[in-house]
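Here's the structure we're looking at; comments come further down.
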Amino acid sequence: MADQVKHHNEDFVTPYGVVLGSFQGVEARSNGNYDYYSREQNYYNGLYTGIPFQCVEYVRRWLNISKGLTFYNIPFASHAWQLKYIERISDSRATRITGIPNGNDKPPVPESLLIWDNDENDDQIPYGHIAVITEVNTQENWVRIAEQNIDNNYWPGNYARQLSLEVVEGKYFIKDQHKIIGWMVINFDVDSQNQEELNIHDPVVRKIQPPKILNGPWLNFDSPAQKYWANIWGSQPTREGEEFISYYTFDNHFYDRIMFAAMELNHMCLTATDYVINNDNQLAKFGLPQWTWEKIRNSWKGEMISGYKSFSGRFDLAFNGSSIKMFEYNSDSAGTYLEAGVIQVQWAKAVGCDYGKSASEDLENMLIEQAKELFKGFVHILIDNDDEEVYNALYIKEVFEKAGVDCKVIIGVNFKKNDQGKYTDEDGVEMKTIWKMWNWETVISNYESERKGDEIKLCDVLLDQSIDIYEPIWKLVTSNKALLAVMWEMFPNHPYLLTTEWTLDGNLRNKPYVKKPIVGRCGQNVQIYTSSGEKVEEMEGRYTKRDSIYQEVFEIQKFDGFNPILGAWIVGMKPAGFGIREDTKLITDHESPYGCCRVINI
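What follows is the structure, given as structure tokens:
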């Protein structure tokens, strides 16, 4: 639950977060008063329920706990009336939800959802309202409802309010001072429903078409980042050897599912990170030298005091036609900023792909806003001399500059030390804040390597406690694939997680599995095995001496022979869109083609 202590307001009807009542064991809590809006997010068993303690949050939490169902993002409470189906959490199987307009010849039924219309002139429900019908009495003509954030009063029983049920010319009307649209009846027998008859179209489609004839360059060569990218990958809109363009379309419902998944997974990752950092036995499984432990813990304690100092991260997600699963979390040094934030947007315009909007339409603006929030002075951007890191760093420099943040890019290890013992760049500018693409594992290796003379090493700068580093060192835990096994132990059978174990002695015995080094990048040293133990695919790399975790094989839905991996962005603590890397081989890497993603409304 959200923090119930730090909120206090003399105008609150009841204390914020206090339990007002309960229906079917699902507690409703006070929002203080109807116009208070929290900036927090609520989760139950790792599942996102909404903004505490709004009406939508209660209804979604009731569905989660009592029925094992959920619905995804809706702009306002009144928009729930537009839902055609909701989904079972365990397997994403859909079930019908049917809207019955207020004034029907049949009375409402318990466990239906009651929907109010939005009214901008109504201070109490400008965005509508939603509640659960708990009981219906056609003899005494009333219905009872469970809800959050109308009166915020203590409940008289297992319901919040009792509303009048009137019969006019044989029609049943639920009466309230606010306009009620109607009630929505849910078919709770999920297994009995034919998914095809629900008219659920394919949420993801890969399209192929001839490209539009270009009148000029589609990349902006005044941008150093785009120019560098073009020098590596070329400036033609089609892939080498292909005449047609390809891209993916996603319906807005599936887009919301991905955004929900990113939010929930980020919450679970941070919860698991906290558990590991505060548990020696768990931290020992992550293969991190003991000299890093105190640094990690001090960094994490700082986050608990001042708030998360995370700029961004990217989840790698897979889809099999119904379920979304997490493969890993690139929380330390994620790539594809430029591809997601700019390339796929400009490419779509250039080739005449005008379906919907870009799946990462908001990414750049969210990066800019996060930079404004985090960085108050000069920022040094530190990277290795790697092509992908260079063009992404050049793009991040553009993002910072749009945010009004002065910055420069430093490629390689080019540092000095001034008379005050502070580290500077080659121009003598003191390094106070650093945004890096070096991963922390490289810093560890650098720390443990032999020093040559009086050289200034990378680790000297990035381990200097007087310098603010992004991403912080605690992400050594969050980015480690050992966290996948911890998350499976903490959130067993969560719908977004794959079975992940420390050894092959458990549930994965005699099943197809993937062996992953707990530290690695771009799929290096990942191995895929059949149930008989035969290796069917392997990516070579430099992480052969690392401990490994074992994960169940998840069969990805193929599109024209390609296996797409969704890269879903988190900026700060918020989801920020996604892109795709696709390949005909099972293990994608940094050379796998990037695919354009468009979101269409249905």
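For the sequence shown, the numbering used here gives the first residue as 2, with consecutive numbering after it.
We treat Cβ as the ideally placed atom computed from N, Cα and C, and that holds for glycine.
This structure is a prediction, so every number in the text was calculated from the model and none was measured.
- Taken through DSSP and simplified to helix, strand or coil, His254 comes out as helix.
- According to DSSP, Glu399 shares a beta bridge with no other residue.
- In this structure, Pro127 lies near Glu121, with their beta-carbon atoms less than 7 Å apart.
- The bridge partners DSSP lists for Asp584 are Asn564.
- DSSP places Asn447 within a helical segment (H, G or I) once states are collapsed to three.
- Secondary structure of Gly378 (DSSP, three-state): coil.
- The beta carbon of Met432 sits closer than 7 Å to the beta carbons of His381, Tyr424, Thr425, Asp426, Val462 and Ile468 from its chain, once the five residues preceding and following it are set aside; these are given in chain order.
- Here Thr501 carries a strand assignment [DSSP, helix/strand/coil].
- DSSP assignment within the stretch 47-108 yields the following whole beta strand (DSSP E) runs of 3 residues or more, N-terminal first: 48-51, 86-89 and 95-102.
- With respect to the C-alpha of Val391, the residue from Asp420, Ala335, Thr443 and Val430 having the closest C-alpha is Ala335.
- Contact annotation: Asn481 and Phe287 have beta-carbon atoms nearer than 7 Å.
- For Cys354, there is no enclosing beta strand (DSSP E), as DSSP marks it with neither H nor E.
- Distances from the alpha-carbon of Phe379 to those of Pro473, Met367, Thr434 and Leu368 put Thr434 closest.
- According to DSSP, residue pairing for Asn43 in a beta bridge involves Gly51.
- One thing to note: Val110 has its Cβ no nearer than 7 Å to the Cβ of Ala78.
- Secondary-structure assignment with DSSP links Gly183 through a beta bridge to Pro102 and Ile116.
- For Asn138, the enclosing beta strand (DSSP E) has its first and last residue at His130 to Asn138.
- Contact annotation: the stretch 51-68 touches the stretch 145-153, with at least three C-beta pairs closer than 8 Å.
- Counting along the chain, no alpha helix (DSSP H) covers Tyr37, and no H or E run does either.
- Boundaries of the beta strand (DSSP E) harbouring Val169: Arg162 to Val169, taken from the DSSP string.
- Secondary structure at Thr272: helix, using DSSP grouped into helix, strand and coil.
- Annotation for Phe579: Ile259, Ala360, Ser361, Leu567, Gly568, Ala569, Trp570 and Cys598 place their beta carbon closer than 7 Å to its own, counting only its chain and skipping 5 residues before and after.
- The beta carbons of Ala319 and Phe555 sit closer together than 7 Å.
- Within the DSSP secondary-structure output, Val572 pairs in a beta bridge with Ser313 and Lys575.
- Contact annotation: the stretch 470-477 touches the stretch 298-312, with at least three C-beta pairs closer than 8 Å.
- In the structure shown, Thr337 falls within a coil segment according to DSSP collapsed to helix, strand and coil.
- If you draw a straight line from the Cα of Glu340 to the Cα of Ile369, it is about 16 Å long.
- Comparing alpha-carbon positions, the option among Phe316, Thr589, Asp275 and Ser450 lying closest to Ile297 turns out to be Asp275.
- Inclusion of Ala29 and Gly22 in the CB contact set at 7 Å is warranted, their separation being smaller than that value.
- CA-to-CA, the gap between Leu70 and Glu88 works out to about 5 Å.
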